[in-house]
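Asks:
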Amino acid sequence: MIPSNVKMAASDVDVKTVKRLLDESLSILGFEVYTLKVGWYNSVLPDNLHLPYQDDCLAFVVLSTPAMFEKAFLPFMEERRCQGLSDPIDQCVKHCVTSAITQFTEQKVDVRYDYELLPSRKPKFLAQTAAHVSGAAFYYQQSGVSDQPWASEKMFGVCVHPKLGGWFAIRALLVFQDIQMDPEEPQPQPVDCVPTREARIELLEEFNLRWQDWNYRNIITPTHTYSQKQRDYFGTPPKQRDALLKRWGLLPESKDTPSPDSGEHVQAMEFTATKRGGRKLLYKGYAYTVDKLRDNITYWKCEERGRCGGRLKTVNDILHGVPLPHSHRPDPCRVVVLKTVQKMKERASNTQEITSSIIQNCTSNCPFEASGSFPKKESLGRMIRRQRKFTDGKKITGFR
Ligand code: B12
Ligand SMILES: [Zn+2]
Numbered sequence: 002m003i004p005s006n007v008k009m010a011a012s013d014v015d016v017k018t019v020k021r022l023l024d025e026s027l028s029i030l031g032f033e034v035y036t037l038k039v040g041w042y043n044s045v046l047p048d049n050l051h052l053p054y055q056d057d058c059l060a061f062v063v064l065s066t067p068a069m070f071e072k073a074f075l076p077f078m079e080e081r082r083c084q085g086l087s088d089p090i091d092q093c094v095k096h097c098v099t100s101a102i103t104q105f106t107e108q109k110v111d112v113r114y115d116y117e118l119l120p121s122r123k124p125k126f127l128a129q130t131a132a133h134v135s136g137a138a139f140y141y142q143q144s145g146v147s148d149q150p151w152a153s154e155k156m157f158g159v160c161v162h163p164k165l166g167g168w169f170a171i172r173a174l175l176v177f178q179d180i181q182m183d184p185e186e187p188q189p190q191p192v193d194c195v196p197t198r199e200a201r202i203e204l205l206e207e208f209n210l211r212w213q214d215w216n217y218r219n220i221i222t223p224t225h226t227y228s229q230k231q232r233d234y235f236g237t238p239p240k241q242r243d244a245l246l247k248r249w250g251l252l253p254e255s256k257d258t259p260s261p262d263s264g265e266h267v268q269a270m271e272f273t274a275t276k277r278g279g280r281k282l283l284y285k286g287y288a289y290t291v292d293k294l295r296d297n298i299t300y301w302k303c304e305e306r307g308r309c310g311g312r313l314k315t316v317n318d319i320l321h322g323v324p325l326p327h328s329h330r331p332d333p334c335r336v337v338v339l340k341t342v343q344k345m346k347e348r349a350s351n352t353q354e355i356t357s358s359i360i361q362n363c364t365s366n367c368p369f370e371a372s373g374s375f376p377k378k379e380s381l382g383r384m385i386r387r388q389r390k391f392t393d394g395k396k397i398t399g400f401r
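Heads up, the numbering used here is the position in the sequence shown plus 1, with the first residue counted as 1.
And the structure:
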């Protein structure tokens, strides 16, 4: 069929272009990107773990290298982009990946992060399998060791990168739903850098029994490892990392909501979410939603868009130019409400705290003036329970 050949040639170009553009935007931030055909991944997995896309569909695996910490994470924290209770590294990775794919305005991209779970409580993608089939890092599994010394004990498998050893993490899978790869594209084979039975046994034992020592990461001599600062960070248990970030001056000492008349909170730009999961910008007492997106430029319109001409433009989430004026006064109380509601949603997703205590804790520091602007307790309760239902089973935390 001629038309499909023509389309194939065109999509072959697309694949290369998309790969190059992703590389360009993510490598400077310390990430590596590997091409993967959905069929390569699905062919080694049982049906219930398949990605719901055609075999020829284009996907990419994103790894973070040791450089990510200094190139992306510390600047992300310094720019005060980290918000709410979810893990700062996850937020940073999400920010980087989201910015990288905004350039593909025409494409539908399914982004899956390593920490996300399906409603079935299975991971949204098996990171190690994806890394292996894309050729990024060989996945050493228990089944790959002949004459196993572990009797019936379960040993989890581990990926080894040919240059970085174990000094990397597998962060995301991006599926470009409408781009097909050449069905003849040869599958890259990952480098088997731990070929002997003895070394594989050592690797699996270090990973399963002594992973806190990080020796499994040095099973081959790596070209790069984590900096001392990064070791201090990842060596700190997740629950204590906020305190460390505060000591480094990368998180404010107190996360309390400032009062509307303190002036300070209405000056800084802050981002929260709309009801439908879009982005919302809070600035100088006004709330904006996204009007248009172009590459890293976002055009924002005032929430009261029917009646108001208030507009502004951000480039990489930084204000650009002078905002167009509003036809109404700013409403600092509404901004406090939006931020507080967002905080409640995050607590609902990330903690086991009961509904009434979430409402109590999140509103306790709110200025009195804002209290009249809050929805009724019952609707806040319904919102929290809806949020829980939505996230329950979708996310796990604690693995880094
Ligand atoms: C759940 C989880 C855990 C759980 C359970 C471990 C496990 N492996 O199940 C716990 C909490 C114990 C854990 C701990 C750790 N984890 Co963990 N964990 C995960 C997570 C979220 C899912 C893993 C999972 O459930 N897989 C499902 C099982 C069934 O998959 P599987 O065993 O690979 O089986 C499949 C393959 O065999 C495949 N298959 C069959 N035939 C073939 C043939 C080929 C050729 C291939 C390629 C595949 C294949 O089919 C099977 C499924 O049917 C992943 C991230 C992710 N989204 O994948 C990180 C991940 C595996 N963890 C990781 C790490 C680093 C750790 C820790 C060191 C802590 C840390 N984060 O620093 C510890 C140490 C491990 C230990 N002590 O056991 C890294 C591993 C990186 C690497 N180099 O491989 C990952 C990938 C996270 C990341 N972002 O990088 N983890
Ligand atoms: Zn307005």
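C-beta: ideal position from N, C-alpha, C; glycine also.
Since the model is a prediction, treat every value here as computed from it, not as a measurement.
I'd like the span of the alpha helix (DSSP H) that includes P76, first residue to last.
Replies: Per DSSP, P76 is one residue of the alpha helix (DSSP H) stretching across L75 to E79.
Asks: Can you give the Cα-Cα distance for I397 and L118, rounded to whole angstroms?
Replies: Bear in mind that the predicted position of I397 carries a pLDDT of just 48, short of 50, making it too unreliable to give a figure here.
Asks: Applying the criterion that 16 or more other CB atoms from any shown protein chain within 10 Å of the CB defines a buried residue, is S147 buried or exposed?
Replies: exposed
Asks: With a threshold of 7 Å, establish whether the CB of V342 neighbours any heavy atom of ligand 1.
Replies: no
Asks: Using the beta-carbon of each residue, find all residues closer than 6 Å to any heavy atom of ligand 2 and list them in chain order.
Replies: Y287, C303, E305, C309, G311, H327 and H329
Asks: Any heavy atom of ligand 1 within a distance shorter than 7 Å of the CB on H133?
Replies: yes
Asks: Please confirm whether any heavy atom of ligand 1 lies closer than 7 Å to the CB of R201.
Replies: R201 Cβ: outside cutoff for every heavy atom of ligand 1.
Asks: Return the bridge partner residues of Y287 from the DSSP annotation.
Replies: Y284
Asks: Within 10 Å of its beta-carbon, does W301 have 16 or more other beta-carbons around it, so buried, or fewer, so exposed?
Replies: buried
Asks: What beta strand (DSSP E) runs, 3 residues minimum, are completely inside the region 63-115?
Replies: Under the rule that a run must span 3 or more residues, the beta strand (DSSP E) segments found entirely inside the region 63-115 read 110-114.
Asks: What residue does the beta strand (DSSP E) around R383 start on, and which one ends it?
Replies: Going by DSSP, R383 is part of no beta strand (DSSP E) but of the alpha helix (DSSP H) stretching over K378 to T392.
Asks: Roughly how many angstroms lie between the CA atoms of R386 and G136, to the nearest whole one?
Replies: 42 Å
Asks: So is the beta-carbon of Y140 under 7 Å away from any non-hydrogen atom of ligand 1?
Replies: yes
Asks: Between N209 and ligand 1, is there a pair consisting of the residue's CB and a ligand heavy atom that are separated by less than 7 Å?
Replies: yes
Asks: Going by the DSSP bridge assignment, what does Y141 pair with across the sheet?
Replies: V159
Asks: To the nearest angstrom, how far is the alpha carbon of P376 from that of K346?
Replies: 14 Å
Asks: Alpha carbon to alpha carbon, how far is I180 from T18? Give it in angstroms, no decimals.
Replies: 11 Å
Asks: Taking P89 and C83 to be in contact with their CB atoms under 8 Å, please state how far apart those CB atoms are, rounded to whole angstroms.
Replies: 5 Å
Asks: Find the nearest neighbour of H321 within the set M270, T352 and C363, judged by alpha-carbon distance.
Replies: For the set M270, T352 and C363, the Cα lying nearest the Cα of H321 is the one of M270.
Asks: May I ask you to report which of helix, strand or coil DSSP gives T258?
Replies: The pLDDT assigned to T258 is 41, lower than 50, so where the model puts this residue is not dependable; a value taken from the coordinates is nonetheless given after this. In the structure shown, T258 sits in coil (DSSP, three-state: anything other than H, G, I, E or B).
Asks: How about L443: is its Cβ closer than 7 Å to a heavy atom in ligand 1?
Replies: Absent from the structure is residue 443, since the part of the chain shown begins at 2 and ends at 401.
Asks: Measure how close the beta-carbons of Y1 and V159 come, nearest whole angstrom, since I'm counting them as under 8 Å.
Replies: No answer is possible for residue 1: the residues shown for the chain start at 2 and end at 401.
Asks: Scan the region 21-68 and note each continuous beta strand (DSSP E) run of 3 residues or more that stays entirely inside, going in chain order.
Replies: For the beta strand (DSSP E) assignment, the uninterrupted runs of no fewer than 3 residues enclosed by the region 21-68 are, from N- to C-terminal side, 32-38 and 58-65.
Asks: My understanding is that V34 touches R172, with C-beta atoms under 8 Å, so please give their C-beta distance in whole angstroms.
Replies: The Cβ separation is near 10 Å, so there is no contact.
Asks: If distances are taken between C-alpha atoms only, which option among K38, T224 and L210 comes closest to P67?
Replies: T224
Asks: Are at least three pairs of beta-carbons, each pair with one atom in the region 355-370 and one in the region 309-319, less than 8 Å apart?
Replies: no
Asks: Have a look at G167 and R335 and give me their C-alpha separation to the nearest angstrom.
Replies: 47 Å
Asks: Could you check the C-alpha separation between F208 and V94 for me, to the nearest Å?
Replies: 24 Å
Asks: With a threshold of 7 Å (Cβ to nearest heavy atom), would V45 be considered close to ligand 1?
Replies: yes
Asks: Name the two residues that bound the continuous beta strand (DSSP E) containing P324.
Replies: Where P324 is concerned, the enclosing beta strand (DSSP E) stretches over I319 to L325.
Asks: If we ignore side chains and look at the alpha-carbon of each, how far apart do L174 and Y141 end up?
Replies: Approximately 20 Å between the Cα atoms of the pair.
Asks: Within 10 Å of its beta-carbon, does R308 have 16 or more other beta-carbons around it, so buried, or fewer, so exposed?
Replies: The C-beta of R308 has fewer than 16 other C-beta atoms within 10 Å across all chains shown, which makes the residue exposed.
Asks: By the three-class DSSP mapping on this structure, what secondary structure does F369 have?
Replies: Helix, per DSSP.
Asks: For S328, count neighbouring C-beta atoms within 10 Å of its own C-beta (all shown protein chains included) and say buried if the count is 16 or more, exposed if not.
Replies: exposed
Asks: State buried or exposed for F74, treating a residue as buried only when at least 16 other CB atoms are found within 10 Å of its CB.
Replies: buried
Asks: Quick one: Cα of I102 to Cα of E199, how far?
Replies: 42 Å
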